[in-house]
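Sequential numbering from 0 applies to the sequence shown in numbering that gives the first Met the number 0. First comes the structure, then the notes that go with it.
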Amino acid sequence: MKPYKDWKKSTKWLVRLTLLILVIMLGLVAYSTWKLYDTAATIYHPIERISSEPRLQSASYEHEDLKEKTTPQSAQPSTTEETTGPQVTTLLIFGIDRRPDTQDIGRTDVIMLAILNKDTNKITLTSIPRDTYVEIAGQGYSDKINAAYQYGIETSIATVENFTGVLVDQYVLFNFDGFEKAIDSMGGLKLEVDSNLGEYLKISVGTQLLNGQQVLDYARFRNDAKGDFGRNERQQNVIKAVLEQSKELRNPGKIKSILDTVGEDVRTDLDLSRIISLASDVYDFSTEHVEQIKYNATTARFGPRYLSYVVIDEKERKRVAELLQQSMINEEKSK
């Protein structure tokens, strides 16, 4: 057995070694955290929103709320009912089709609105066909909805807000290179391939593990009877597959890896804390938590250039707008 002095001396070295290891570990954690924030800063792109009907209505409601808050307590009606609204996030997802090595800013080939309601544990998805004939926000004329992007992402968001009646909280914009990279960083996606897609992708029919390029081709395919409507449905299937197959990726370390991969190919006004928060919110979500809302539409050719448009009449637009509004309500509290 070691003498007490020798034991005490060796213990001091052990303590110093332990402290050194802790300092190194804390340094690594700090460095990793800094790198994570640095990576997230690359894609962070806040924008100043422009006017839309839902945004004006929201501003009006906020003004009324302010008036109520400044009313003397004795003059306000008493209530025991909970006044906080449902915990809802509306996310607008854009996929940009842009030719490389050109000055062309591209057009929005994918336009998908996602509504995350934590009170009901549900994600509601709806896609707007890129050729939908709408009024372009702030421009005084109507065109295909994907033409709004030539005036900036702000105009695209306001145009979607006017069309859907939904105020958009945040946006995510990616070009297709970034989409491919993100899917590849996940190890691919398992998707159901029908005979038309199988022939197009030159792969077997049935459930197949697809790489980034194949998933992109899957999401953009429209050479079947459904055309653009089939493409919108497949795009939503991709989102559902990501939810189902990405649970192990919903942690800060994996998030950093994906952000590093997509880099310059993604822009969003979600900061890092919000990205991690959303990842946490949907951690246990799978396809059973996803609701898909589809527009009933027709196609028609008109205008000076006799172009083909997707036409959604006002009755159908309002029908979907009401369903989207309902998806943002806490079902239990609404009863």
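Beta carbons are placed, not taken as given, at the ideal position from N, Cα and C, and that holds for glycine.
{"Query": "According to DSSP, what are the bridge partners of PHE178?", "Result": "None; PHE178 has no bridge partner."}
{"Query": "Can you tell me where the alpha helix (DSSP H) holding SER141 begins and where it ends?", "Result": "Where SER141 is concerned, there is no enclosing alpha helix (DSSP H), although the beta strand (DSSP E) it sits in stretches over 141-143."}
{"Query": "Over the uninterrupted beta strand (DSSP E) stretch that includes ILE156, give me the two end residues.", "Result": "Note, ILE156: premise wrong, no beta strand (DSSP E); alpha helix (DSSP H) at 152-163."}
{"Query": "Tell me whether ARG304 sits in a helix, a strand or coil according to DSSP, three-state version.", "Result": "coil"}
{"Query": "Starting from the C-beta of LYS189, find all residues in its chain whose C-beta is less than 8 angstroms away, skip the five residues before and the five after it, and write them out in chain order.", "Result": "THR206, GLN207, LEU208, LEU209, ALA240 and GLN244"}
{"Query": "Helix, strand or coil for GLY205 per DSSP?", "Result": "strand"}
{"Query": "Report buried or exposed for LEU172, applying the criterion of at least 16 other Cβ atoms within 10 angstroms of its Cβ.", "Result": "buried"}
{"Query": "Output yes or no for whether 9 angstroms exceeds the beta carbon distance between LEU291 and THR125.", "Result": "It should be noted that the sequence gives Gln, not Leu, for residue 291. Yes, the Cβ-Cβ distance between GLN291 and THR125 is below 9 angstroms."}
{"Query": "Indicate the three-state DSSP secondary structure (helix, strand or coil) for GLY137 in the structure shown.", "Result": "coil"}
{"Query": "Can you list, in chain order, the residues of its chain with a C-beta nearer than 8 angstroms to that of GLY137? Leave out the 5 residues immediately preceding and following it.", "Result": "ILE49, SER50, TYR150, THR154 and ALA157"}
{"Query": "On the DSSP bridge list, what partners appear for MET185?", "Result": "According to DSSP, MET185 bridges with nothing at all."}
{"Query": "What is the DSSP secondary structure of ILE274, counted as helix, strand or coil?", "Result": "helix"}
{"Query": "Please classify GLY302 as buried or exposed, where buried requires at least 16 other C-beta atoms within 10 Å of its C-beta.", "Result": "exposed"}
{"Query": "Taking C-beta to C-beta, are VAL109 and GLN234 nearer than 9 angstroms?", "Result": "yes"}
{"Query": "Are there three or more Cβ pairs, one per stretch, closer than 8 angstroms when the segment 277-285 is compared with the segment 110-130?", "Result": "yes"}
{"Query": "Between GLY211 and ILE182, how many whole angstroms is the CB-CB distance? I'm expecting something under 8 angstroms.", "Result": "4 angstroms"}
{"Query": "In whole angstroms, give me the CA-to-CA distance for TYR170 and ILE152.", "Result": "9 angstroms"}
{"Query": "For PRO128, is the classification buried or exposed, using 16 other Cβ atoms within 10 angstroms of its Cβ as the cut-off for buried?", "Result": "buried"}
{"Query": "Among ASP264, ILE311 and LYS293, whose alpha-carbon lies nearest the alpha-carbon of PHE178?", "Result": "ASP264"}
{"Query": "Have a look at TYR294 and SER326 and give me their C-alpha separation to the nearest angstrom.", "Result": "16 angstroms"}
{"Query": "Quick one: using the 10 Å Cβ neighbour count with 16 as the cut-off for buried, is VAL204 buried or exposed?", "Result": "exposed"}
{"Query": "Would DSSP call TYR43 helix, strand or coil?", "Result": "strand"}
{"Query": "With DSSP as the reference, label GLN244 as helix, strand or coil.", "Result": "helix"}
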